[in-house]
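> Sharing a structure with you now.
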Amino acid sequence: MGFDQSKKISVLGLLLGFLFFFIFLWNVLPSSKQKIKVNGDSVAIDSNFTHLWTAPSDWRMMYLDSTEKDLVLYGKELIAHTSDYLGPRGSVKAISNGMNCQNCHLDAGTKPWGNNYFAVQANYPKFRERSGTKENQIKRVNDCFQRSLNGKGLDSTSREMKAILAYIKWVGQDVEKKKTPKGSGIFKLKGLKRACDPMKGKEVYMAKCQSCHQVDGQGVLAENKKSYTYPPLWGANSYNIGAGLYRISNFAGFVKYNMPLGVKYDSPQLTDEEAWDVAAFVNSMPRPSKDLSADWPRRRGKPFDHPFGPYDDPYSEQQHKYGPYKPIKDFYKK
Numbered sequence: 001m002g003f004d005q006s007k008k009i010s011v012l013g014l015l016l017g018f019l020f021f022f023i024f025l026w027n028v029l030p031s032s033k034q035k036i037k038v039n040g041d042s043v044a045i046d047s048n049f050t051h052l053w054t055a056p057s058d059w060r061m062m063y064l065d066s067t068e069k070d071l072v073l074y075g076k077e078l079i080a081h082t083s084d085y086l087g088p089r090g091s092v093k094a095i096s097n098g099m100n101c102q103n104c105h106l107d108a109g110t111k112p113w114g115n116n117y118f119a120v121q122a123n124y125p126k127f128r129e130r131s132g133t134k135e136n137q138i139k140r141v142n143d144c145f146q147r148s149l150n151g152k153g154l155d156s157t158s159r160e161m162k163a164i165l166a167y168i169k170w171v172g173q174d175v176e177k178k179k180t181p182k183g184s185g186i187f188k189l190k191g192l193k194r195a196c197d198p199m200k201g202k203e204v205y206m207a208k209c210q211s212c213h214q215v216d217g218q219g220v221l222a223e224n225k226k227s228y229t230y231p232p233l234w235g236a237n238s239y240n241i242g243a244g245l246y247r248i249s250n251f252a253g254f255v256k257y258n259m260p261l262g263v264k265y266d267s268p269q270l271t272d273e274e275a276w277d278v279a280a281f282v283n284s285m286p287r288p289s290k291d292l293s294a295d296w297p298r299r300r301g302k303p304f305d306h307p308f309g310p311y312d313d314p315y316s317e318q319q320h321k322y323g324p325y326k327p328i329k330d331f332y333k334k
């Protein structure tokens with residue numbers, strides 16, 4: 001009887017311990033309603049930057065069979081070091097410009113707010129306004145090769161395509177179907193009231209970006225001469241005008257919480273204005289062209305900052321590219 005009583009007390013103590021532990025976590029973990037002190041002022045914590053989704057840990061690959069594991073790891077390698085395999089001097093094929101997928105999809109597509117792949121597996125196939133069709137992941141991957149890497153698409157049956165798809169599936173395996181977890185893709189910055197200013201952006205670039213991407217924006221080649229340590233931001237070897245980052249809102253959201261290199265969402269170095277302006281500067285510079293005549297077949301489906309007409313609104317290509325964007329957005333709310 002004494003033993004049973006002791007056992008009950010132990011279990012009760014354990015339960016109370018768990019209760020106090022969870023109460024502790026509830027009080028110390030940040031939430032959107034909590035506030036922190038910054039220079040003596042009370043500032044609300046932005047819920048966009050708390051409890052963000054994370055990719056599966058690599059140790060979980062031990063549960064995959066050897067064939068699947070090898071394919072996932074090869075896919076990760078292709079994302080991180082694309083040009084070594086598929087660049088101008090690639091060991092498999094020469095079909096891209098020398099940049100790596102990881103230059104835009106940071107940490108091999110696993111960094112929160114770093115243009116990651118968290119939501120891809122859960123949301124494809126899906127309808128996309130840019131093509132006006134329901135797209136699968138093969139189409140989406142090849143769009144990146146043809147636009148961001150200014151190259152050619154992969155054969156849909158190739159080992160490389162299968163590996164990339166296996167890796168994207170791995171990254172998004174825990175995401176519920178049709179859900180987009182917090183921290184997916186690129187953060188959407190609040191727009192400026194004024195137009196973005198490329199000249200102000202040039203000043204930001206010279207102060208915060210040129211040490212890596214160089215004064216001429218051509219980046220730094222890696223020692224193996226197959227890829228870039230720091231990618232070119234404009235010019236013949238950069239992304240073309242059909243890439244997602246050619247939209248200033250995407251570029252601004254990307255650099256705000258990821259650049260200069262090493263910056264995380266919880267410690268940005270650029271103000272919102274600096275992010276918008278440097279995006280305007282970079283995307284004002286020359287880069288490869290692309291036939292976009294088949295893009296955005298429904299005019300009203302074009303994003304507010306798509307810089308090529310025709311439009312269903314009265315605003316110029318100049319305003320669509322650099323802003324101010326509010327009048328354009330308001331027009332389509334009518």
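Numbering-wise (full-length UniProt numbering), the sequence shown opens with residue 1 and increments by one.
Cβ coordinates follow ideal geometry from the N, Cα and C atoms, glycine included.
The model shown is predicted, which means the values in this text are computed figures rather than measured ones.
(1) Please confirm if the region 62-77 is in contact with the region 176-193, defined as three or more CB-CB distances below 8 Å between the two stretches.
(2) Go through its chain and collect everything with a Cβ distance to Ile95's Cβ below 6 Å, but skip five positions before and after it.
(3) Can you give the Cα-Cα distance for Leu165 and Val120, rounded to whole angstroms?
(4) Give the single residue among Ala243, Lys326, Lys202, Tyr332 whose Cα lies nearest to the Cα of Asp291.
(5) Look at the alpha carbon of Lys326 and the alpha carbon of His320, and state the distance between them as a whole number of angstroms.
(6) Could you tell me if Asn137 is buried or exposed, where buried requires 16 or more neighbouring beta carbons within 10 angstroms of its beta carbon?
(7) Look up Val220 in the DSSP assignment and give the residues it is bridged to.
(8) CA-CA distance, Ser316 and Pro310?
(9) To which residues of the same chain is Ala252 closer than 6 Å at the C-beta, ignoring the five residues directly before and after it?
(10) Taking 8 Å as the cut-off, decide whether the C-beta atoms of Ser131 and Leu245 are in contact.
(11) Return the bridge partner residues of Lys134 from the DSSP annotation.
(12) Look at the Cβ atom of Asp272, then the Cβ atom of Lys256, and state whether they are nearer than 8 Å.
(13) Skipping 5 residues on each side, what residues in its chain have a beta carbon closer than 7 Å to that of Asn240?
(14) Just to confirm my understanding: we take Asp84, look at its own chain, exclude 5 residues before and 5 after, and list those with CB closer than 7 Å. What are they?
(15) Compute the Euclidean distance between the alpha carbons of Ser156 and Lys334, then round it to the nearest angstrom.
(16) Quick one: give me the first and last residue of the alpha helix (DSSP H) that Tyr315 is part of.
(17) Relative to the C-alpha of Leu192, which residue among Gly114, Glu129, Ile248 is closest?
(18) Is the CB of Lys139 under 8 Å away from at least one CB in chain D?
(19) Measuring alpha carbon to alpha carbon, tell me which residue in Trp170, Leu73, Asn48 is nearest Pro112.
(20) Tell me the residue span of the alpha helix (DSSP H) that contains His213.
(21) If you drop the 5 nearest sequence neighbours on each side, which residues of the same chain put their C-beta closer than 8 Å to that of residue 368?
(22) To the nearest angstrom, report how far apart Asn224 and Ala122 are at their CA atoms.
Let me spell this out:
(1) no
(2) Leu86, Gly151, Lys152
(3) 10 Å
(4) Ala243
(5) 10 Å
(6) Rather than Asn, the amino acid found at residue 137 in this sequence is Gln. The residue is buried, with at least 16 neighbouring Cβ atoms inside 10 Å.
(7) Tyr230
(8) 9 Å
(9) Leu189, Ala275, Trp276, Ala279
(10) no
(11) Phe127
(12) yes
(13) Arg147, Asn150, Arg287, Pro288, Ser289, Lys290
(14) Gly90, Ser91, Lys226, Ser227
(15) 42 Å
(16) Taken as a continuous stretch (DSSP letters only), Tyr315 belongs to no alpha helix (DSSP H), as it is neither H nor E.
(17) Ile248
(18) Here there is only one protein chain, and chain D is not present.
(19) Asn48
(20) 210-213
(21) Residue 368 lies beyond the stretch modelled for the chain, which goes from 1 to 334, so this question has no answer here.
(22) 37 Å
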